[in-house]
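Asker: Numbering (the working numbering), first residue to last: -15 to 387. Structure below; questions to follow.
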């Protein structure tokens, strides 16, 4: 009888592979099996919209080389997805019918793009996977007009990338100013000006009710009764967690997998990390998600270490994300809150190099920082945020760095 302990990681994502690393770093000597739904080795998903969309060449870099996986004895099974979970017998059922026993299970199946269909049921393209990228490259031809539904980070990254290929572009979003909730009005307006100054057409503050037609002759119907004709429609309207395979399993779900700050679910031996994880962080029972690549990797490693060592150390990482548009890299640390005051403390927006602090209108507390072209400066603000430093301390740092 095989008594070797087994760890199964559902999801060959950044969080899933980081969890595998954490298990080995934590001293786990049993097997580690990582299940990946896609027919591709695990790759850096962030580059799909940030760089690769702008060219007809190249694919994203691998998250781990075969040598790195072999060195840590991590078995990654591509094209073999988790499809069911039996918590009583501690088995994960895969897409090819295999039942894998586990002693430790990490749920890291991530999220998938929210989809749109035309009035006759035709799915509209999205950009979430390598296959999506290859399909778009095959579909898009020079001179075609492209309409992007959604003016979030992914939508605007795609818009910037497609602009370099000469496509006439229209962006439709329901917010009056894209990304104002992330960066505040000043930075959001500066970033949006990068798009409009290049001739991108905007329809903002409007919702798409329906899309009719076919490739080469779409009509987008808006909530004010108007319509917009275009060759290609691309949906960038967010993501949904890949948690449907856990329905009825006994694992608690709430738009994802509920877990504590250490990554533990309500089921012993079952952990969650990455896009699928919803962490209870407040006394009223609400759950939050980080939803960004850096946090997914950090959280995944923390879960792996906890699972291997039998610990429950909480993950307290800063929310962290970045976007690349027209050669500008904007980075944000922390979480800007509604009503925050946005203060430029280094550089200036007009010059395209700046640091902005996001703080409460009163009380001297700050919640986040956004920077462009000031990566070295950002390191100091990261330390202050992690230490819970005051707004006055952040301003003092800015003054020293300006000097």
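Ideal placement from N, C-alpha and C gives every residue a C-beta, glycine not left out.
Measure the Cβ-Cβ separation of residue 2 and residue 280 and say whether it is below 9 Å.
Answerer: Cβ atoms of residue 2 and residue 280: closer than 9 Å.
Asker: Expressed to the nearest angstrom, what Euclidean distance is found between the alpha-carbon atoms of residue 174 and residue 156?
Answerer: Computed Cα separation, rounded: 18 Å.
Asker: Could you pull out every residue in the same chain whose Cβ sits closer than 7 Å to the Cβ of residue 23, ignoring the five residues on either side in sequence?
Answerer: So the qualifying residues of the chain are 62, 63.
Asker: Three-state secondary structure (DSSP) at residue 250?
Answerer: Coil at residue 250, not helix or strand.
Asker: I need the DSSP call for residue -15, collapsed to helix, strand or coil.
Answerer: In this prediction, residue -15 scores a pLDDT of 48, lower than 50, which makes its location untrustworthy; the coordinate-derived value is nonetheless stated afterwards. DSSP places residue -15 in coil when its eight states are reduced to three.
Asker: On the CB-based measure, 16 or more other CB atoms within 10 Å of its CB, does residue 260 come out buried or exposed?
Answerer: Burial call: buried.
Asker: Of all the options 5, 325, 347, 386, which has the alpha carbon lying nearest to the alpha carbon of residue 360?
Answerer: If we check each option's Cα against that of residue 360, 386 comes out closest.
Asker: In this structure, does DSSP put residue 299 in helix, strand or coil?
Answerer: Three-state DSSP puts residue 299 in coil, outside helix and strand.
Asker: The beta strand (DSSP E) that contains residue 376, what's its start and end?
Answerer: No beta strand (DSSP E) holds residue 376; the alpha helix (DSSP H) holding it covers 375 to 386.
Asker: Measuring alpha carbon to alpha carbon, tell me which of 372, 74, 65, 39 ends up nearest residue 343.
Answerer: Cα-wise, what sits closest to residue 343 is 372.
Asker: Find the nearest neighbour of residue 306 within the set 140, 197, 10, judged by alpha-carbon distance.
Answerer: Residue 140 is the option with its Cα nearest to residue 306.
Asker: With a threshold of 7 Å on Cβ separation, who are the neighbours of residue 120 within its own chain once the five nearest residues in sequence on each side are excluded?
Answerer: Hits under 7 Å: 109, 111.
Asker: Can residue 0 and residue 290 be called in contact, C-beta distance under 9 Å?
Answerer: It is not a contact, given that the beta carbons lie outside the stated cut-off.
Asker: Using the Cβ count rule (16 or more neighbours within 10 Å means buried), how would you classify residue 263?
Answerer: So residue 263 counts as buried.
Asker: Compare the Cα-Cα distances from residue 11 to each of 185, 52, 57 and report the closest residue.
Answerer: The shortest Cα separation from residue 11 among 185, 52, 57 belongs to 57.
Asker: Tell me whether the stretch 187 to 194 and the stretch 164 to 171 touch, counting them as touching only if at least three CB pairs, one residue from each stretch, are closer than 8 Å.
Answerer: No, because fewer than three Cβ pairs between the stretch 187 to 194 and the stretch 164 to 171 fall closer than 8 Å, the two stretches do not touch.
Asker: Any idea which residues DSSP pairs residue 400 with across the strands?
Answerer: Lying outside -15 to 387, the shown extent of the chain, residue 400 is not represented and no answer is given.
Asker: Looking at residue 277 and the ligand NAD, is the gap between the Cβ and the nearest heavy atom below 8 Å?
Answerer: The ligand NAD is not among the ligands present in this structure, which contains no ligands whatsoever.
Asker: Classify residue -15: buried if its beta carbon has 16 or more other beta carbons within 10 angstroms, exposed otherwise.
Answerer: For residue -15, the pLDDT reaches just 48, beneath the cut-off of 50, and the residue's location in the model is therefore unreliable, although a value from the coordinates is still provided. Exposed: under 16 other Cβ atoms inside 10 Å.
Asker: Am I right that residue 223 and residue 97 are in contact with their C-beta atoms under 8 Å? What's the rounded C-beta distance?
Answerer: Right, their Cβ atoms sit about 6 Å apart.
Asker: What would DSSP say about residue 320, mapped onto helix, strand or coil?
Answerer: Residue 320 falls in the coil class under three-state DSSP.
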